[in-house]
Each structure stands twice: as structure tokens, then as C-alpha cells.
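*Asks:* Numbering (our numbering), first residue to last: 12 to 107. Before I ask anything, let me first share the structure, which is written out below as C-alpha cells.
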Amino acid sequence: MTESADLMRQAEAKDMLADRFDGYAKNLELLLERIKTGSAGGPVWTGPAAQCFDNDFLTRGSEVTRLAEQCHAAVRNLRRAASRLREQASLPRSPL
């Protein structure tokens, strides 16, 4: 396999991993949107257990948000690395 082909293969692998992390981030964000103790019409779950859940969710929700942000950062880094690999692959090679 030529060096250019190997670099392109590495770039493709990074893009595939970036796609996976992008999906993880979207799933985490969707999870945060779907978990609620209330609805537009008002609370559907009340009482001490609901309050405890809401308090825990605020803490855990910020952790999940941070994790989603880290996934997005990984996507950006992987795409940047893939782009650099493609640039390297397109550079002319000197004969040995």
C-alpha cells in the first residue's frame, strides 16, 4: 500500500470515528430533552421523590451536557486530523 493510500485510509477511519462521536453527542442531547418530571401543561410527577429526581437531574444533566460537549470537541479534533492527513496524502512525493 502506498503512503498516500495509507494516509487516506487513516483519514477515513478518523472520519468514521468522528461520525460515531457525533451520534453519541446527539443521543446525549436528546436524552436530556426527553427526561422531565413535567409537561407543557404542568407537572405530571410531584412530591418529594420528584423533587429529589429533579435535583439529581440538574447535577447529572450538567455532567451529561459536559460529556456531549466533549464528544463534539472530539468530532472537531478528529475531522481536523482527517483533513491534515488528506492534505499530506495529496502532497507530491519525492522518488526514492
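Positions of the beta carbon are idealized from the N, C-alpha and C atoms, including for glycine.
Hey, quick one: how far does the alpha helix (DSSP H) through leucine 89 stretch, first residue to last?
*Replies:* Locating residue 89 in the sequence shown gives position 78, counting from the first residue. First-last of the alpha helix (DSSP H) with leucine 89: 59-101.
*Asks:* Please classify serine 105: does DSSP put it in a helix, a strand, or coil?
*Replies:* Taking the sequence shown and counting its residues from 1, one reaches residue 105 at position 94. Correct three-state label for serine 105: coil.
*Asks:* Whole angstroms are fine: how far does the CA of proline 59 sit from the CA of leucine 28?
*Replies:* Here residue 28 refers to the residue found at position 17 when the sequence shown is read from its first residue. Here residue 59 refers to the residue found at position 48 when the sequence shown is read from its first residue. In a straight line, the C-alpha of leucine 28 is about 42 Å away from that of proline 59.
*Asks:* Do you know whose CA, among Leu78, Ser94, Gly49, lies nearest leucine 39's CA?
*Replies:* The count along the sequence shown starts at 1 and reaches residue 39 at position 28. That would be Leu78, whose Cα lies nearest to the Cα of leucine 39.
*Asks:* Please check the pair aspartate 26 and arginine 90, which I expect to be a contact at CB under 8 Å, by giving their CB distance rounded to whole angstroms.
*Replies:* Position 15 of the sequence shown, counting from 1, holds the residue named residue 26. Position 79 of the sequence shown, counting from 1, holds the residue named residue 90. So it is a contact: roughly 7 Å between Cβ atoms.
*Asks:* When you compare only the Cα positions, how much space is there between glycine 72 and asparagine 88?
*Replies:* Numbered from its first residue, the sequence shown carries residue 72 at position 61. Numbered from its first residue, the sequence shown carries residue 88 at position 77. Distance between the alpha carbons of glycine 72 and asparagine 88 is about 24 Å.
*Asks:* Quick one: measure Cβ to Cβ for aspartate 33 and valine 86, integer angstroms, because I've assumed they're closer than 8 Å.
*Replies:* Indexing the sequence shown from 1 puts residue 33 at position 22. Indexing the sequence shown from 1 puts residue 86 at position 75. About 5 Å separates the beta carbon of aspartate 33 from that of valine 86, a gap short enough to meet the 8 Å contact definition.
*Asks:* To the nearest whole angstrom, what separates the beta carbons of alanine 22 and leucine 96, a pair I think is in contact under 8 Å?
*Replies:* Within the sequence shown, residue 22 is the residue found at index 11, counting from 1. Within the sequence shown, residue 96 is the residue found at index 85, counting from 1. Sure, about 4 Å apart at Cβ, within 8 Å.
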